[in-house]
Every structure is written in structure tokens, then in C-alpha cells.
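The opening residue of the sequence shown carries number 1317 in my numbering; numbering runs sequentially from there. Note that beta-carbon positions come from the ideal geometry of N, C-alpha and C, so glycine has one too. Please read all numbers here as calculations on a predicted model, not as lab measurements. To start, the structure itself, in C-alpha cells.
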Amino acid sequence: MRSRRTSRAMGVAAVALLALSACAANTGTETPEETAEGEGTGGNIRIAEVNAFSSFNASSSEGNVDINGVIAYSTHSGFNYIDNDLEVVENEDFGSMEVLSEDPLSVRYTVNEGVNWSDGEPVDGGDLLLQWAIESGYFNDAVTDDAGEVTSGTTYFDYAGDTTGLALTELPEIGDDGRSITLNYSVPFADYQVAFGLMNEGGLDTPAHVLADKGGLTDEDALIELIRTEPAGDPENPVERPELKAVADFWNTGFDTKSLPDDPTLFLSNGPFIASAVTPDQSMTLTRNPDYDWGPMPKVDEITVRYIGEAPAQVQALQNGEVDIIAPQASADTAEQLEALEGVTVVRGNELSYDHLDLNFSGVFAEESVREAFMKTVPRQQLVDSIIKKLNPDAEPVDSQLFLQDQEPYEESAANNGSEAYAEVDIEGAKELLDGATPEVRIMYNRDNPNRLNSYTLIAESASQAGFKVVDGGLGASDWSAALGNGTYDAAVFGWISSGVGVSNVPQIFKSGNGSNFNGFSSSEADELMEELVVETDPDAQNDLQVQIDKLIWDSKYGLPLYQVPGMNAHSDNVSGVEYMPNLTGVWWNFWDWQIAQ
């Protein structure tokens, strides 16, 4: 799973091999002359990423991909971040998050004086107010049908996370200092600590003064006034809001790009690094923000990100000294190749991530019986045996949509959700449900990702035995995420990866009409349980609610979880400070500690 805790769609994809030779880089091994206290070692560290960058807005439904998220993480700041013990760490140099009252819950967020965007404009209360408007869904008045299609009204900001939590707050006022807002909740909210301004989710990533300009307003004050005076969205009485829609439309798509825009306001930073160069589908360069001093201080001057999807190519690049850090898709072959290299440190573990097959609740799969038939054909055990088992001999198919196998409620949920019906392939059962029909099913996946290609191939072969006509809908590394939810396919194979804290990822993915609910699943009973979940603060009660929700998802014939993704990263011994992290920020979680070895 990936949310606010925004779960991010995980691509683990491949760019064409020509990316390997397209950009030669500094080896990053030169020892600089003496540097001042706190300035670190300087130099350039090169890291290989499997996905290709596609947006400077990682919070939108379309931009919510792991690579966009880590770029946002390294170029933006926030009130706290999650460390690799999955603990929330406050960033007091950026600002403060003060609980004024626990009942009713009231939290004041204040940005410290001197925290600026890279164009010199201060990060202020207008930025906080805009972030709240986006993440609360305050203006949304859209009504959706059972398939998740909008039948009336508008979803303004196409936010990838769940809006339920911040929707519990009233319209906040900007403080007299101009740098703060106070969020007053109507009821307790389980994830309040990570619901707003979390660095791991890009922190404060949208400059209000830029969005005002791009949305056709005169200045930031005009945007603040628009937010303050437009009434809250009312699905029973939707109204047209052209000024707000122009602002929201730009937020939704205006930051999407595979190259570095000519307009620098489209990639402003308020964090440690600033994007300084991009070669589309090949690489990106991040350069230290010279004004930044409001958070963990990086020790290097540049980070070069190269998009190398195939694990063997990443290993080769590390061996050749072309990159310093890699986090390839884990496999037994990759592990063996890395362990054989000298001067390389390898770290392995399980990610908070799983691959899954989702079936659309429309088109060929509108009928539950057809979804059930397809699920009966999926060779989950074969997928685990051929893709994962060599790396993790104890690996088994995942039997829950909400829990991973090392989480306490997993066994209880798996025993009660009906997953045992899909433990083995049942071609005859599928044929019986189809009753002679031969439905055509287009499966979308990242064709540059070897594991996803293998999954597609094995699923297609098995489904064809029951009479399904499977069409290859695979897309390239930088295109697959934009296709999610666009109606051009019937089923999708991809992954979710979570921050590891909170429960807001559940409604983000499974609540009716939410931005990451790509296949149109809708259950009023599940929606009610999810609304209870986000205001429940007792961990045991949260687990009980999730067990109930998990069963409803399986009962709907939603699709199938496949396997938990094993994690692996490696780095040259010429760099230090690299530590394993199982969540969505991965190896980037402490990028400020990376340095060239002395």
C-alpha cells in the first residue's frame, strides 16, 4: 500500500537500455579540500532509480509515483519526517506543530521566519491554507455512481491522498503572524500527526503565489481571498466556480513534465535541493539550495538521478563506477551479482509494498461473476515461485488487501476474508462461471518492469485456458502511471508502497470516488467503516475495522494481491550514510547523510 500517509503507486520500471550510456557522470570519488563546519564533503553522488520522472506535483493522482515522490522529498521541507524505525521526527528548524487541545483536537502549524521558496518568497500562511484546501477536499461537490464515475458536480484538486481526515476541520484562519494556521477538528483524527506537511510526502510542495499566477489570479492575496470566501462544496447543490476550477486545473496537470521547464516557478524548492537539469526519460540533476538551513543539512552539493529500470543494468552501472547507489528490483540473480562485487555494500529487507491485480468495476468486468472467473485463473503461487521464491524461500502469496504478512492482524484477516477460494487456480470453476463466454480483457502494466512482464505473461496464459481473450496493454516506464483510472484497460498489475504509519491509506485507495481508487470499487458499508477508521485512535479497534473492510473488498471480487515486494539496495564503499528504509522514500529517507567517503 502507499498516503497521508499517501500510498504511492510503485512502478519499479525500466527505461530503455540506452539510458545507461546516454549520460556520463562525475565519478563522485574525488576528496574535496577542507570544508567549513556543517558543510559536509561536497561533491556529487549518483543514484539509479527504476522509474522515470514525470511530474513536479507528486500529490496529484497522476503524479503520485514513487520517483516523483522522492524528488519532492529532496526539494521540499515540512514539519516532520519518518525515519527508518518508522517513527515520526519533528523538523523544528522548519516550523512547529503545536497541539492546542486534544478534545476537541486543535493543532496549530507555524512556519519559522526565514523559510523561503527558492525565488526568495517566504513560505507562509497562504501556502499552508492552500495545502489545506487541496488535502481537505473542502470545495469538492462531486457525486459519483457505484462505478466511481462523476454524475454531477466537480472534484477540484485531484489529490491522490484521502481527504477524510482534513475534511473534519473547519476553514482555518491565517494567524496574525502571517505564517501559521490552526486546524480545528470536529472529532479526533487518528493520523493528525502525519496528515499535513509531512516531508516524506513532499512537505509543503505548492507555492501559493505561483498557483495564483498560473490560475489567472492577480496575486497570492487573491488566492487566499478566493479560498476564504468561496463556500464549502455541497454535493446536493453543486455550483460552478470558474476561478477556483482554473486554479485547480493547473494544480492537477500544470506541473507534469518529463523535462525541466523554461519557467523556473514550476519547480521551485523550499528544501535542501533544487532541480537544475533534466534529460527526459534518462536523468535528473539536483543541486544544493544555497539558502536552505531549515532542516537536516545535506553533505553533498549535487545528486544525479539516472533512470535505469533493469536490475542488471543498474548492477553494471554500479560496478563500472557510473553510479554510487542503486535500489534495483530485487531478485536472486541481482543479489548474487551484487554479492560478487568488491567495494560494494548490499542491504536487503522486505518493503512495505505489494504487487496486485486490480479489476475494473466496469466494462467487461461490470459483472461480478466475470471478475470472479478471472480471479480463479490467476496463478498466484506460480507467480511467487517464479518471481519471488528464489530471493525469499519463505515467500507466499499475500492473502490480504490491507495487511502484509509480518503485520499482527494478517493471519486473522486472511482466515476470514475469503482469500482461500483463490489459493489455487480453478480453470473449471472459471469456465462454469463464464458459461461459454469468451470475454476480451486488456491488462495494463509496466512492460519495462521484468517482474510485471512475467506476472502479465503467466496471468494471460492461465486466463486463456478458461476462455478469456487477453490483450497486452503494457505501457512504458514513464507512461503507465498516467493511464491508471483512465478507462483504457480492464485490469492492471502494479504495486502500492506505504509510509508505514497511520491508516489513511485505506480510504485513499478503497473509498468510493477517491483519487487513488482507480478501478471504481464502491461499497457504502466499507465507506462507513473507513469513516470510523480515520477517527478511531485505539490501535486494536483500528485493526478490527480493517479486518471487516478487508473482507468486504474480497467479497466484491475486487482483484487479487499477489506478493510482498522484497527490497534491496547497494552502494559503493566510496559513499557513506546510506541506510535501508522499507517505506515509500526508500533509500532516500536520509539523503542528507549521504557523503563521499574521506
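Query	Result
Three-state secondary structure (DSSP) at Cys1339?	Because Cys1339 carries a pLDDT of 25, less than 50, the predicted location of this residue cannot be relied on, and no value is offered for it.
Using a Cβ distance threshold of 8 Å, determine whether the stretch 1887-1895 contacts the stretch 1727-1741, with at least three qualifying pairs required.	no
Can you tell me where the beta strand (DSSP E) holding Tyr1389 begins and where it ends?	No beta strand (DSSP E) contains Tyr1389, which is instead part of the alpha helix (DSSP H) from Asp1382 to Thr1391.
Would you call the stretch 1477-1490 and the stretch 1500-1513 touching, i.e. three or more CB-CB distances under 8 Å?	yes
As a quick exercise: from Ala1799, Leu1861 and Arg1696, pick the residue whose alpha carbon is nearest that of Ile1775.	Arg1696
Which partner residues does Val1891 have in the DSSP bridge list?	Ile1912
To which residues does DSSP link Ile1543 through a beta bridge?	According to DSSP, which records beta bridges pairwise, Ile1543 is partnered with nothing at all.
Which two residues bound the contiguous alpha helix (DSSP H) that contains Ile1497?	Note, Ile1497: premise wrong, no alpha helix (DSSP H); beta strand (DSSP E) at Ser1496 to Asn1500.
Applying the 10 Å Cβ sphere with the 16-neighbour rule, what's the burial state of Asp1579?	exposed
What residue range does the alpha helix (DSSP H) around Lys1867 cover?	Pro1855 to Asp1871
Quick check on the burial criterion: 16 or more other C-beta atoms within 10 angstroms. Buried or exposed for Thr1467?	exposed
Could you check where the beta strand (DSSP E) with Asn1553 kicks off and where it finishes?	From DSSP, Asn1553 is part of no beta strand (DSSP E); its letter is neither H nor E.
Can you look up Thr1485 in the DSSP assignment and give me helix, strand or coil?	strand
If you draw a straight line from the alpha carbon of Leu1602 to that of Ile1619, how long is it in whole angstroms?	5 Å
Report all residues from its chain with a CB closer than 6 Å to the CB of Tyr1608; omit the five preceding and five following residues, and keep chain order.	Pro1588
Does DSSP put Val1405 in a helix, in a strand, or in coil?	strand
Below 9 Å between beta carbons: does that hold for Ala1648 and Lys1692?	no
Excluding the 5 residues flanking Asp1742 on each side, which residues of the same chain have their C-beta closer than 6 Å to its C-beta?	Lys1692
Quick check on Trp1812: does DSSP put it in helix, strand or coil?	strand
Answer yes or no: do Asn1666 and Leu1720 have a C-beta to C-beta separation smaller than 9 Å?	yes
Can you name, in chain order, every residue of its own chain whose Cβ lies under 8 Å from the Cβ of Tyr1569, other than the five neighbours on each side?	Correcting the residue type first, residue 1569 is Thr in the shown sequence and not Tyr. Ser1376 and Glu1378.
Grouping DSSP H, G and I as helix and E and B as strand, with all else coil, what is Leu1520?	coil
What are the start and end residues of the beta strand (DSSP E) that includes Asp1671?	Val1660 to Leu1675
Take Arg1318 and list the residues in its own chain whose beta-carbon comes closer than 6 Å to its own, dropping the five residues that flank it on each side.	In this predicted model, Arg1318 has a pLDDT of only 31, less than 50, meaning its place in the structure is not dependable enough to derive any value.
Name the residue from Asp1493, Ser1828 and Leu1487 whose alpha carbon lies nearest to the alpha carbon of Gly1411.	Asp1493
Of the choices Ala1562, Asp1529 and Tyr1472, whose alpha-carbon is the least far from that of Asp1550?	Tyr1472
Along the chain, where does the beta strand (DSSP E) that runs through Glu1636 open and close?	The displayed chain sequence assigns Asn, not Glu, to residue 1636. Run containing Asn1636: none; DSSP gives neither H nor E here.
With distance defined between alpha-carbon atoms, name the residue in Leu1750, Thr1773 and Phe1455 nearest to Met1760.	Thr1773
Can you give me the C-alpha to C-alpha distance between Asp1843 and Pro1823, rounded to a whole angstrom?	8 Å
Taking one C-beta from the stretch 1785-1803 and one from the stretch 1761-1768 each time, how about it: are there three or more such pairs within less than 8 Å?	yes
Let me know the secondary structure DSSP gives Thr1620 once reduced to three states.	strand
For the alpha helix (DSSP H) containing Gly1441, list its first residue and its last residue.	Gly1441 to Ser1452
Going by other Cβ atoms of all chains shown within 10 Å of its Cβ, with 16 needed for buried, is Gln1944 buried or exposed?	What is shown of the chain runs 1317 to 1914, which leaves residue 1944 out entirely.
Tell me which residues share the same chain as Tyr1454 and place their Cβ nearer than 6 Å to its Cβ, disregarding the 5 neighbours each side in the sequence.	Ala1548
With distance defined between alpha-carbon atoms, name the residue in Glu1744, Arg1424 and Phe1583 nearest to Pro1523.	Phe1583
Given that a residue counts as buried once 16 or more other Cβ atoms are within 10 Å of its Cβ, and exposed if not, what is Asn1605?	buried
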